[in-house]
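Quick notes on the structure that follows.
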Amino acid sequence: MRESQSRLFENHPACSAEFWHALAPALAREGVLQDVHWANGCVGYFPSYVLGDMYAAQIFDALLVDVPDVFARLGEGDSSGVCGWLREHVWRFGQTYTASETLCLATGADLDVDHYLAHLRRRFCRT
Numbered sequence: 244m245r246e247s248q249s250r251l252f253e254n255h256p257a258c259s260a261e262f263w264h265a266l267a268p269a270l271a272r273e274g275v276l277q278d279v280h281w282a283n284g285c286v287g288y289f290p291s292y293v294l295g296d297m298y299a300a301q302i303f304d305a306l307l308v309d310v311p312d313v314f315a316r317l318g319e320g321d322s323s324g325v326c327g328w329l330r331e332h333v334w335r336f337g338q339t340y341t342a343s344e345t346l347c348l349a350t351g352a353d354l355d356v357d358h359y360l361a362h363l364r365r366r367f368c369r370t
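Each residue of the sequence shown is one higher than the one before, counting from 244 in the working numbering.
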């Protein structure tokens, strides 16, 4: 496991039994087996989901630097800032570059777990 991957689980509340007990669904159909991959025993998909989430968090942080009013614009139904930024920094490359090269071109940096950790804190931490 890479250092950046292991940092995701370092002292993370999700590693505690209390965390998972609090998330127990009322009905089985609302639980983890609703994911077709897990129901089929293909739990190896989880790392690819997390990797995509890490890319998205870093790309979104870069977008916020260039389009700081993105939330206000989206609230007014205007997605042109997001679409324009993605068109210029990500989509225009198509398959010219690898995912990691495209990320570096779009954000100016290699994949950095700190963006994902900050996203998780903003989304799930109450403090």
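Every residue gets a Cβ at the ideal spot worked out from N, C-alpha and C, and that includes glycine.
{"query": "Distance between valine 356 and glutamine 248 (C-alpha atoms, nearest Å)", "result": "Note that glutamine 248 scores a pLDDT of 49, beneath 50, so its modelled location is shaky and nothing firm can be said."}
{"query": "Every unbroken alpha helix (DSSP H) within the segment 329-364, with a cutoff of 4 residues, ordered by chain", "result": "342-350"}
{"query": "Contacts around threonine 345, its chain only, beta-carbon distance under 7 Å, and the 5 residues preceding and following it disregarded", "result": "Val333 and Phe336"}
{"query": "Environment of threonine 341 [buried if 16+ CB atoms lie within 10 Å]", "result": "exposed"}
{"query": "Glutamine 301 versus histidine 362 - alpha carbon distance", "result": "9 Å"}
{"query": "Three-state class that DSSP yields for glycine 320 in the structure shown", "result": "coil"}
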